[in-house]
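*Asks:* Got a structure for you, written out below as structure tokens; questions coming shortly.
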Amino acid sequence: MMFIFWKYLGMLVVNKKEKTFGKGAVKCRKCGRHGGVIRKYNLNYCRQCWREIAKKLGFKKYS
Ligand SMILES: [Zn+2]
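Under numbering that gives the first Met the number 0, the residue at position 14 of the sequence shown is numbered 13, and the numbers go up by one with no gaps.
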């Protein structure tokens with residue numbers, strides 16, 4: 000059982016590595032765009048999506 004668990008964890012790590020290759024490989028987690036993705040605070044949203052979310056959250060600075 001434990002062996003299967005660790006194997007599964009290993010697969011997760013490999014998947015993560017594939018997603019985060021290179022410096023500019025961060026995609027917006029809402030629309031999947033590469034350009035202008037805000038990586039601050041691990042947001043990983045592009046500017047447009049962040050604007051929408053920021054509005055909902057009440058950050059008027061970014062609107
Ligand atoms: Zn987006």
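Here a beta-carbon is modelled for each residue, glycine too, at the ideal position from N, C-alpha and C.
None of these values were measured; they are calculated from a predicted model.
Ligand 1 and Gly-38: does any heavy atom of the ligand fall closer than 6 Å to the residue's C-beta?
*Replies:* Your numbering for residue 38 matches position 39 in the sequence shown. The displayed chain sequence assigns Arg, not Gly, to residue 38. Flag unset: Cβ of Arg-38 not near ligand 1.
*Asks:* Can the beta-carbon of Arg-28 be found closer than 7 Å to that of Asn-43?
*Replies:* Along the sequence shown, one-based indexing puts residue 28 at 29. Along the sequence shown, one-based indexing puts residue 43 at 44. It is a contact, given that the beta carbons lie within the stated cut-off.
*Asks:* Output needed for Cys-45: all residues of its chain with C-beta closer than 6 Å, excluding positions within five of it in sequence on either side, in chain order.
*Replies:* As a working mapping, residue 45 is identified with position 46 in the sequence shown. So the list reads Cys-27, Arg-32, Gly-35, Val-36, once near-sequence residues are dropped.
*Asks:* Helix, strand or coil for Cys-48? Go by DSSP, reduced to three states.
*Replies:* Position 49 of the sequence shown, counted from the first residue, corresponds to residue 48. Three-state DSSP puts Cys-48 in a helix.
*Asks:* Compute every distance between the C-beta of Arg-50 and the non-hydrogen atoms of ligand 1, then say whether any falls below 6 Å.
*Replies:* Stepping through the sequence shown from its first residue, residue 50 is reached at position 51. Because no heavy atom of ligand 1 lies under 6 Å away, the Cβ of Arg-50 does not count as near it: no.
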